[in-house]
Amino acid sequence: MISLKIRLTALGIGAGLATGLGLLLAYYLIGELIYPMMAGAAIGLLVATLLSYFALGFLSRSIQGLINYSDKIVAGDLTLSSKDFKTTGEFNKLGLNLERICKGMLAYFTRSRDNIEILDRSGDTILAGTEKISEGAQEQANQIQKLLSSVEEFATAARHAAKEAEDAAEVAANTEQAAQLGGEILEKVVEGMNVIHQRINELGDKSNEIGQIILVIEDIAAQTNLLALNAAIEAARAGEYGRGFAVVAEEVRGLAERSSNATKEISLLINNIQDGINDAVEVVQSGIETTGEAGDSFKAIQEQVAETVVTIRDVTDSARNQVVTSENLVEGAQAIAAVSEEAAASTEETTAVVQELPVLSEKIRHTISVFGVK
395 MISLKIRLTA LGIGAGLATG LGLLLAYYLI GELIYPMMAG AAIGLLVATL LSYFALGFLS
455 RSIQGLINYS DKIVAGDLTL SSKDFKTTGE FNKLGLNLER ICKGMLAYFT RSRDNIEILD
515 RSGDTILAGT EKISEGAQEQ ANQIQKLLSS VEEFATAARH AAKEAEDAAE VAANTEQAAQ
575 LGGEILEKVV EGMNVIHQRI NELGDKSNEI GQIILVIEDI AAQTNLLALN AAIEAARAGE
635 YGRGFAVVAE EVRGLAERSS NATKEISLLI NNIQDGINDA VEVVQSGIET TGEAGDSFKA
695 IQEQVAETVV TIRDVTDSAR NQVVTSENLV EGAQAIAAVS EEAAASTEET TAVVQELPVL
755 SEKIRHTISV FGVK
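What follows is the structure, given as structure tokens:
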């Protein structure tokens, strides 16, 4: 900066000297006629040269002061004042503007420092909060995983229960069909026994015509009585099938044939046959009543089985609904578990970012400390 001042001063002096020498040379060349004019011009130029010298000195000092001021700003000193260098005019305005800029920057860096302190404290709070959130999210994820396992077990049990309910419904349906078939067979047995009852009554009517074969009739009566008893026993044991009635029918047919051959021999035993017929009628009637009661029991069983089938079907439908509900619960629990895992991952990422805040704050604090902000 000193060299600049010297150059400006030398330039002014050189210009003045060159002008003066030119005027002196012109004086000698032109002559005495224009000497007064040239002398006045030379004096004016000397005055101008002196004024230029002083102006350039002032300008050089002002510029040098601003340069020194700006050098301190570049060095990081924002606490300087425009009073540190003496200048006037536009240079003074420039210095004041620089002072305002420095004060504004100093205030900005001071606020930045305060904000960094607040950011550090907030970062610590956020870090503690995110760590708690992370722990809570992890615990929640573990609980949801346990819940998911329980729901999956419930879904498996519901599917197993639904399968058993379907099997029970199938068995109940088969039982219902069997009960219905048994009822139909009992109805046929009752019809058959009514026919037998009718035939025995007809046989009693015919017994008046076969009085000469009493011995044979007695045998027939005895056998008929025995067969009737056997028929009743067979009806009680396997009434739904009626297989014993075929044997009874065959024996009755044989006895009828023998009775036909011995018609003339049983006339004396007609009264006994009639007694036997009466006994047979009572037995058959009792069998009819018993079979009717069995039929009623089968009907009641059939109705109960039908109600059981309806109940089992309702249970089956409910079990199927439970399967659907449990599967929906499994899907919902899986979705919640996925969200919890994502939340835990996001919290960990946030924690990592918050942990970097102190490093960034320290870098910013170090940067602004260069400008005199402590």
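Using the numbering used here, count along the sequence shown one by one with no gaps and you end on 768. Just so it is clear, CB atoms sit at the ideal spot from N, CA and C, and this is done for glycine as well. Bear in mind the structure is a predicted one, so any value in this text is a computation, not a measurement.
Selection from D708, Q571, R714, E725 that minimises the alpha carbon distance to H554: R714
C-alpha gap between E725 and E735, whole angstroms: 15 Å
C-alpha gap between N536 and K526, whole angstroms: 15 Å
Which listed residue (V718, A732, T705) has its alpha carbon closest to that of E564: T705
Classification of T710 by the beta-carbon crowding that lies within 10 angstroms, buried from 16 upward: buried
Given this structure, state the Cα-to-Cα distance separating Q698 from K557, to the nearest angstrom. 23 Å
Environment of Q571 [buried if 16+ CB atoms lie within 10 Å]: exposed
What does a CB cutoff of less than 8 Å around D690 pick up in its chain, not counting 5 residues either side in sequence? none
R707 versus A700: straight-line alpha-carbon distance, rounded: 10 Å
Under a Cβ-count criterion, where at least 16 other Cβ atoms within 10 Å of its own Cβ denotes burial, should Q716 be classed as buried or exposed? buried
Using the Cβ count rule (16 or more neighbours within 10 Å means buried), how would you classify I495? exposed
Please classify V441: does DSSP put it in a helix, a strand, or coil? Bear in mind that a pLDDT of 47 at V441, under 50, signals an unreliable position, so the model cannot answer this.
Whole angstroms is fine: what's the gap from Q574's alpha carbon to K582's? 13 Å
Here's a check: name, in chain order, each residue in its chain whose Cβ is nearer than 7 Å to the Cβ of E676, leaving out the five neighbours to either side. none
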